[in-house]
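The structure appears below as structure tokens.
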Amino acid sequence: MHSLGQNTDPRKKDENKPSRIHRFPSKSNDERNTRRKVKVCREISLDLEEAMKCTTVADLIIQIKDQYNITIKEIGAKLIALADAFDDKFFGDSSISKK
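All residue numbers for the sequence shown refer to the UniProt record's numbering, where the first residue is 1 and numbers rise by one.
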């Protein structure tokens, strides 16, 4: 019988409830998200012109949707590509579509 302290894998099944998998949130994810939010604010405040270019591209995507019969799924794919381009510009190689 394992005690709770011996269970090193947070995704390991509980022996008493075999149909459930326990997952505990990672503190590092919260820390990483906080750092990223701070970095976004800093980068945009330093280079407002680049942020305006990204907004212009987003507006163009919305205009394409209005001009052509494009599905929501196709718009989503274009927005993900836009987000990847934004991330590449401000954060290097951290694309959303790979997460």
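Ideal placement from N, C-alpha and C gives every residue a C-beta, glycine not left out.
### Message
Beta-carbon within less than 7 Å of residue 92's beta-carbon, same chain only, minus the 5 sequence neighbours each way: which residues are those?
### Response
For the purposes of this step, residue 92 is identified with residue 92 of the sequence shown, where counting begins at 1. No residues qualify anywhere along the chain.
### Task
Taking all protein chains shown into account, decide if residue 87 is buried (16 or more other Cβ within 10 angstroms of its Cβ) or exposed.
The residue you call residue 87 lines up with position 87 of the sequence shown. Buried: at least 16 other Cβ atoms inside 10 Å.
### Three-state secondary structure (DSSP) of residue 92
The sequence position of residue 92 within the sequence shown is 92, counting from 1. Coil at residue 92, not helix or strand.
### Task
Please report how far the alpha carbon of residue 85 lies from the alpha carbon of residue 69, in whole angstroms.
For the purposes of this step, residue 85 is identified with residue 85 of the sequence shown, where counting begins at 1. For the purposes of this step, residue 69 is identified with residue 69 of the sequence shown, where counting begins at 1. Approximately 24 Å between the Cα atoms of the pair.
### Task
State the Cα-Cα distance for the pair residue 56 and residue 90, rounded to the nearest angstrom.
Sequence index remark: in the sequence shown, residue 56 carries index 56 (1-based). Sequence index remark: in the sequence shown, residue 90 carries index 90 (1-based). Looking at the two C-alpha atoms, the distance is approximately 17 Å.
### Query
With DSSP run on the structure shown, which of helix, strand or coil describes residue 71?
Here residue 71 corresponds to residue number 71 of the sequence shown, with the count starting at 1. Three-state result, residue 71: coil.
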